[in-house]
Amino acid sequence: ILRNPCQKMWQVRCLQVSVFANRSWARTDGLARLGELQAYSWSDGSDAIRFLRPWARSGFSEPQWERLQQILRVYRRSFTRDVREFVKMLRLDYPFEMQVSAGCELCPGNTSESFFHTAFQGKEIMSFQGTHWVPAPDAPSWAGRATKELNQDQGTRKTLQWLLNDTCPQFVRGLLEAGKSELEKQVKPEAWLSAGPPPGPGRLLLVCHVSGFHPKPVWVMWMRGEQEQRGTRRGDVLPHADGTWYLRVTLDVAAREAAGLSCRVRHSSLGGQDIVLHWGEKELGLGFPMACIFLLLILLNHP
Numbered sequence: 097i098l099r100n101p102c103q104k105m106w107q108v109r110c111l112q113v114s115v116f117a118n119r120s121w122a123r124t125d126g127l128a129r130l131g132e133l134q135a136y137s138w139s140d141g142s143d144a145i146r147f148l149r150p151w152a153r154s155g156f157s158e159p160q161w162e163r164l165q166q167i168l169r170v171y172r173r174s175f176t177r178d179v180r181e182f183v184k185m186l187r188l189d190y191p192f193e194m195q196v197s198a199g200c201e202l203c204p205g206n207t208s209e210s211f212f213h214t215a216f217q218g219k220e221i222m223s224f225q226g227t228h229w230v231p232a233p234d235a236p237s238w239a240g241r242a243t244k245e246l247n248q249d250q251g252t253r254k255t256l257q258w259l260l261n262d263t264c265p266q267f268v269r270g271l272l273e274a275g276k277s278e279l280e281k282q283v284k285p286e287a288w289l290s291a292g293p294p295p296g297p298g299r300l301l302l303v304c305h306v307s308g309f310h311p312k313p314v315w316v317m318w319m320r321g322e323q324e325q326r327g328t329r330r331g332d333v334l335p336h337a338d339g340t341w342y343l344r345v346t347l348d349v350a351a352r353e354a355a356g357l358s359c360r361v362r363h364s365s366l367g368g369q370d371i372v373l374h375w376g377e378k379e380l381g382l383g384f385p386m387a388c389i390f391l392l393l394i395l396l397n398h399p
């Protein structure tokens with residue numbers, strides 16, 4: 097599937113997970129994010145949308161929220177019913193899981209792009225493109241039959257177009273205005289180095305920790321001078337409870353090659369001034385003064 101060429105400014109993404117254990121048991125849960133901030137959730141036990149940020153209601157008026165929640169209730173019931181019908185028609189086996197990723201992104205010039213992707217057991221099977229459902233290029237053959245059936249429902253296709261192309265961009269613009277201070281806040285990262293468990297004899301695992309930064313995008317790399325080290329391994333960017341982020345970046349090296357290595361951190365909050373931590377400097381900075389103090393104590397107590 098060809099993705100749009102939009103260089104996104106802000107994006108709302110709704111994520112849905114539906115588990116079908118058998119013909120009589122299923123549940124659907126979901127959440128929605130503005131950029132990297134989770135702003136909404138809804139669980140199988142309730143049709144009500146939960147607002148997770150103080151400004152999360154600001155995207156719509158109360159009548160608009162009521163209408164959206166009604167659409168969500170109808171969608172969830174219809175989704176479960178239709179999937180069960182497809183399972184019966186296509187002779188698929190239980191249990192299985194389905195995922196949906198849908199939303200829109202604002203682009204420069206006050207334009208927008210929308211997306212709606214559906215996956216089966218973690219593999220994309222179809223997407224909504226413009227006005228119709230389209231099977232994914234490497235989807236199983238039954239996905240083509242399913243899209244043909246879905247495309248016959250003109251009313252649902254029109255509702256999807258309205259939600260993705262009209263409602264969603266309006267919603268994002270309203271949220272951006274209300275949540276501007278939180279969305280645009282800049283928090284500088286803290287960084288430190290440590291040694292991880294040795295990967296093997298004569299080797300070191302160098303660990304660069306970067307914590308407490310916002311927004312999420314960050315560049316961290318192990319360097320030798322100005323040369324990036326290709327063995328750098330980047331972990332997942334993990335959230336803190338306060339809305340900031342944490343990242344762990346490692347490098348497996350021979351112990352004799354650790355000298356001269358450094359960890360470089362770039363982040364929008366730093367104003368172009370990278371954080372550079374040199375391996376071994378911290379140990380020298382702490383150990384050398386302590387050694388001096390220890391030596392001084394020996395001399396003072398020497399008869």
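In the numbering used here, the protein residues as written are 97 to 399.
The C-beta atom is built at its ideal place from N, Cα and C for all residues, glycine as well.
Since the structure is predicted, the reported quantities are computational estimates derived from the model, not experimental observations.
Tell me which residue opens and which closes the beta strand (DSSP E) that Glu-220 is part of.
For Glu-220, the enclosing beta strand (DSSP E) stretches over residues 219–225.
Just the C-alpha distance for Gly-298 and Ala-355, rounded to the nearest angstrom, thanks.
Their Cα atoms are separated by approximately 14 Å.
Does DSSP put Glu-353 in a helix, in a strand, or in coil?
helix
Does the Cβ of His-310 have 16 or more other Cβ atoms within 10 Å, making it buried, or fewer, making it exposed?
buried
Mapping the DSSP letters down to three states, classify Pro-265 as helix, strand or coil.
helix
If you compare alpha carbons, which of Pro-265, Arg-326, Thr-340 is closest to Asp-348?
Here the closest residue by C-alpha is Arg-326.
Go ahead and label Pro-204 buried or exposed: buried means 16 or more other beta carbons lie within 10 angstroms of its beta carbon, across all protein chains shown.
exposed
First and last residue of the alpha helix (DSSP H) that includes Asp-178?
For Asp-178, the enclosing alpha helix (DSSP H) has its first and last residue at 158–186.
Put Gln-250 into one of helix, strand or coil per three-state DSSP.
helix
Helix, strand or coil for Gly-270 per DSSP?
Gly-270 carries a helical assignment under DSSP once its states are collapsed to helix, strand and coil.
For Gly-240, which of helix, strand or coil comes out of DSSP?
The three-state reading of DSSP puts Gly-240 in helix, counting H, G and I together.
With Ser-137 as the anchor, note down where its beta strand (DSSP E) starts and where it stops.
133–138
Nearest-angstrom beta carbon gap, Ser-365 and Lys-284 [assumed within contact, 8 Å]
5 Å
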